[in-house]
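Scroll down for the structure; my scribbles are underneath it.
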Amino acid sequence: MKTFKLYALYLLAGDNETIRQEAIPLTDGLIINMENSERTWFIDAVVPKEFKTFFEGEQQANRHVFLNVIITSKDNHPAAMITSIETITELSEGYSIVFKGRIVLGRDDVLEDVLEDLLSDGHSTESLLERFKQRTENLDSYSDKTLNEVYKDLKESGKYVLL
Numbered sequence: 022m023k024t025f026k027l028y029a030l031y032l033l034a035g036d037n038e039t040i041r042q043e044a045i046p047l048t049d050g051l052i053i054n055m056e057n058s059e060r061t062w063f064i065d066a067v068v069p070k071e072f073k074t075f076f077e078g079e080q081q082a083n084r085h086v087f088l089n090v091i092i093t094s095k096d097n098h099p100a101a102m103i104t105s106i107e108t109i110t111e112l113s114e115g116y117s118i119v120f121k122g123r124i125v126l127g128r129d130d131v132l133e134d135v136l137e138d139l140l141s142d143g144h145s146t147e148s149l150l151e152r153f154k155q156r157t158e159n160l161d162s163y164s165d166k167t168l169n170e171v172y173k174d175l176k177e178s179g180k181y182v183l184l
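Numbering of the sequence shown is given in my numbering, commencing with residue 22 and proceeding in unit increments.
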């Protein structure tokens, strides 16, 4: 089991054919890799009180929550996760929301996405490596296309109830 600081949390929600990302402000948080065969992760996010109603609604409706998380520092790549809300606990300065989930997109998926984009742009062999280095140096998120495809696949799988 490994525990990391939760640096940033984003709600990914579908709106017709597109995904929108909404930053969820954090007071504190951690993320735990259970390192089990199910590849389970737990996220404990301490959020402001105004998010209580939203997260309680998602929990009561038994909906899954599609999240983008960044651990430890802003320089790390995000991980897209499909989660369910396990518990909501009132604290003196907000609420602790505990999610249970698994990663559906990680750093390797981001790199593959960049390479596919560059190949579809028709770069020559010489320019391909240079452009790949440039694009991955400042990479901090998935393309909208990738997030939309993953959201659509998750929703159509019938396994998840999403926004």
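We treat Cβ as the ideally placed atom computed from N, Cα and C, and that holds for glycine.
Small disclaimer: the values here were computed from a predicted structure and weren't measured.
- Rounded to whole angstroms, Y172 and Q80 show a C-alpha spacing of 19 Å.
- Around the beta carbon of A66, 16 or more other beta carbons sit within 10 angstroms, so the residue counts as buried.
- Around the beta carbon of G115, a 10 Å sphere encloses 16 or more other beta carbons of the protein chains shown; the residue is thus reported as buried.
- Partner residues in the beta bridge of Y116, as assigned by DSSP, are V68, E111.
- In the DSSP assignment, N54 forms a beta bridge with K23, W62.
- C-alpha of E43 to C-alpha of S145: approximately 37 Å in a straight line.
- For L126, the number of other beta carbons within 10 angstroms of its own is at least 16, and it is reported as buried.
- With fewer than 16 other Cβ atoms from the protein chains shown falling within 10 Å of its own Cβ, V182 counts as exposed.
- For G122, the closest C-alpha among the options L27, R60, D96 is that of R60.
- In the three-state reduction of the DSSP assignment, Y31 falls in the strand class, which pools E and B.
- Measuring C-alpha to C-alpha distances from H85 to each of S58, I92, V119 identifies V119 as the nearest.
- Straight through space, the alpha carbons of S58 and S113 are spaced by roughly 36 Å.
- In this structure I106 does not touch P99 by the C-beta definition: roughly 20 Å separates them, more than the 8 Å allowed.
- T39: member of the beta strand (DSSP E) spanning 39 to 45, first to last residue.
- Spatial neighbours of T110 in its own chain (CB-CB distance under 7 Å, excluding positions within 5 residues in sequence) are listed in chain order as Y116, S117.
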